[in-house]
Amino acid sequence: MKLGPQGEDLPFPLTVPEGYQIGVFAKLEGALPRVLAIDPAGVLFASVPARGRILVLPDKDKNGIADNVMVILSGLNSPHGIAFADNSLYVAETDKVVRYEYDQQNFLTGRQETLFTLPTGGRHFTRTIRIIGGKLYTSVGSPCDTCRENDEKRAAMLVSDLDGKNLRVYARGLRNTVFFVEGAGGIIWGTDMGRDFLGDNLPPDDINIIEDGKDYGWPFCYGDKIRDSKFEPGQNADYCLGTTPPVFALPAHVAPLGLTFMDGDLLVSLHGSWNSSVPVGYKVVRLNVEGRKVSNMEDFITGFIKGSSVSGRPVDLIVDGDGRLFVSDDKAGLIYVITKTE
């Protein structure tokens with residue numbers, strides 16, 4: 215369908231490529247949105263981990279402005295991931311994945327069931343889920359910057375049946391793959407954040423193709439199978455030979471989060487650095503993808519930072535059935551909508 219102008223005016227200027235427009239879809243009044251998901255009826259959902267809530271943001275007239283902001287679930291333990299399947303709403307809290315009966319006509323949840331529990335504590339508390347190929351995938355970050363991980367369910371991606379049964383490790387060595395997405399042919403693409411305290415230029419942050427049984431190197435390796443000389447030097451010298459390198463290396467400390475495909479290109483949110491002498495990231499970039507190869511990174515949304523002043527930090531990206539791109543911002547407390555003008 216042909217859409218009219220989308221969204222409300224921005225509170226600070228953002229720049230998008232020629233042929234696109236950007237506006238504000240929802241102002242969340244202090245709530246800080248993270249994961250975005252779209253239910254079977256095309257309605258946008260958002261998680262707010264800091265407030266323990268899952269929000270529903272309908273837009274019946276398709277004007278790019280949420281009709282209202284409703285709380286469908288509250289009192290949760292840092293909820294992050296959201297997914298839908300078979301009249302069910304799945305939510306990943308920091309310590310478990312729960313499935314709810316879901317009434318999409320009235321935005322109501324019914325009977326709930328904890329499918330499995332997850333390890334908690336430490337540095338990376340977000341848990342993200344996707345349903346891909348009839349299986350439930352869950353990402354769980356490491357509890358530390360660099361350390362030996364004793365729990366195989368951390369620094370890993372897990373996979374299970376949709377009822378939570380047959381849970382197992384799908385891939386390991388992923389320090390903090392907060393977001394991942396299904397690409398063409400069922401390929402799983404994910405972002406991963408490299409360790410801190412190796413200076414401004416190391417290690418790179420990653421875009422990975424995540425496959426069953428693969429080891430992506432953390433904590434011993436980074437980049438193209440490079441041994442981290444600062445972590446347990448002299449031990450496991452050949453470990454990196456058996457690991458899988460990223461398909462694309464991003465600059466160090468840009469903190470890649472959400473990613474999605476749009477018009478064949480891969481869009482990635484760079485949340486922005488904290489462990490860099492000069493701020494980096496704070497934008498959404500577009501990359502060319504041909505099969506399993508990634509190239510030609512260019513800016514897609516900029517303006518979140520001006521000098522050292524940060525106005526926003528992009529998090530998740532999702533495209534709806536009308537081709538609208540939604541972007542969450544967990545600093546400004548906004549959800550943006552981006553559409554084509556032509």
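Residues 215 to 556 (the working numbering) make up the sequence shown, in order.
The C-beta atom is built at its ideal place from N, Cα and C for all residues, glycine as well.
Is it right to say residue i is buried, meaning 16 or more other beta carbons lie within 10 angstroms of its own, or is it exposed?
i, result
"Glu366", "exposed"
"Lys497", "buried"
"Ala451", "exposed"
"Thr555", "exposed"
"Arg341", "buried"
"Gly399", "exposed"
"Arg506", "exposed"
"Pro433", "buried"
"Pro225", "exposed"
"Asp530", "buried"
"Ser522", "exposed"
"Pro263", "buried"
"Gly355", "buried"
"Glu363", "buried"
Rank the options by C-alpha distance to the C-alpha of residue i and give the top, closest one.
i, options, result
"Ile421", "Val482, Ile515, Asp359", "Val482"
"Ser353", "His294, Gln326, Glu222", "His294"
"Ala370", "Lys310, Arg386, Tyr436", "Arg386"
"Phe445", "Gly431, Asp438, Leu455", "Gly431"
"Ala245", "Arg441, Pro219, Leu269, Thr334", "Leu269"
"Gly336", "Gly378, Thr328, Asn390", "Asn390"
"Leu217", "Gly537, Gly547, Ile549", "Gly537"
"Leu471", "Thr458, Asp419, Ser288, Asn380", "Asp419"
"Asn415", "Pro227, Pro433, Gly437", "Gly437"
"Pro227", "Cys454, Gly526, Ile296", "Gly526"
"Val373", "Leu290, Ser356, Lys349, Glu363", "Lys349"
"Asn291", "Asn277, Met284, Ala306", "Ala306"
"Leu220", "Gly233, Pro263, Asn277", "Checking the sequence shown, residue 220 turns out to be Gln, not Leu. Gln220 has its Cα closest to that of Asn277, out of Gly233, Pro263, Asn277."
"Tyr234", "Gly547, Asn502, Met476, Lys520", "Met476"
"Val392", "Asp426, Gly478, Ile296", "Ile296"
Look at the alpha carbon of residue i and the alpha carbon of residue j, and state the distance between them as a whole number of angstroms.
i, j, result
"Lys241", "Ile552", "15 Å"
"Lys428", "Val383", "10 Å"
"His338", "Asp375", "25 Å"
"Pro417", "Leu322", "44 Å"
"Arg265", "Ser542", "16 Å"
"Phe540", "Ile532", "5 Å"
"Ile286", "Arg267", "8 Å"
"Asn557", "Asn320", "What is shown of the chain runs 215 to 556, which leaves residue 557 out entirely."
"Arg325", "Cys361", "39 Å"
"Arg409", "Asp359", "6 Å"
"Val508", "Leu388", "19 Å"
"Pro333", "Asp309", "6 Å"
"Pro465", "Ser443", "19 Å"
"Met407", "Val312", "26 Å"
"Leu381", "Glu504", "32 Å"
"Asp275", "Gly535", "14 Å"
"Gly449", "Val461", "First, the amino acid is wrong: residue 449 is Gln here, not Gly. Looking at the two C-alpha atoms, the distance is approximately 26 Å."
"Pro528", "Arg368", "25 Å"
"Pro357", "Asp426", "22 Å"
"Asp479", "Arg441", "31 Å"
Starting from the C-beta of residue i, find all residues in its chain whose C-beta is less than 7 Å away, skip the five residues before and the five after it, and write them out in chain order.
i, result
"Ala255", "Gln318"
"Ser487", "His467, Val468, Ala469, Pro493, Val494, Gly495"
"Glu396", "Arg344, Ile346, Ile402"
"Thr331", "Asp309, Lys310"
"Glu222", "Gly237, Val238, Ile279"
"Met284", "Leu269, Val270, Phe321"
"Ala463", "Pro418, Asp420, Gly437"
Keeping to the same chain, check which residues put their C-beta closer than 6 Å to that of residue i; ignore five residues upstream and five downstream.
i, result
"Pro272", "Val257, Asp281"
"Gly378", "Leu329, Phe330"
"Gly289", "Gly266"
"Pro447", "none"
"Glu327", "Arg313"
"Leu501", "Leu480, Val508, Met511"
"Lys520", "none"
Kindly list the residues whose CB is nearer than 8 Å to the CB of residue i, restricted to its own chain and excluding five residues on each side of it in sequence; keep chain order.
i, result
"Val524", "Gly486, Pro493, Tyr496, Phe518, Lys545"
"Phe394", "Thr342, Arg344, Tyr351, Ser353, Met371, Ile402, Trp403, Gly404, Thr405, Ile424, Leu473"
"Tyr316", "Asp253, Phe298, Asn301, Ser302, Leu303, Leu322, Thr323, Gly324"
"Val230", "Ile236, Phe514, Ile515, Ile552"
"Ile549", "Val238, Phe239, Ala240, Leu242, Pro247, Leu250, Leu258, Ala260, Leu271, Ala280, Phe540, Val541, Ser542, Asp543"
"Lys439", "Gly431, Cys454, Leu455, Thr457, Pro459"
"Gln499", "In the sequence under discussion, the amino acid at residue 499 is Val, which differs from the Gln named in the question. Closer than 8 Å at Cβ, skipping near neighbours: Leu481, Val482, Leu484, Met511, Glu512, Asp513, Phe514."
"Gly547", "Lys241, Leu242, Glu243, Gly244, Ala245, Leu246, Pro247"
"Cys435", "Gly387, Arg441, Asp442, Tyr453, Cys454, Thr457"
Quiz prompt | Sequence ranges, beta strand (DSSP E) only - wholly within the region 297-352, length at least 3 | solution = Runs found: 302-307, 310-317, 322-331, 341-346.
Exercise. Within the region 488-539, note down every full alpha helix (DSSP H) run reaching 4 residues or more, in order along the chain.
Key: none
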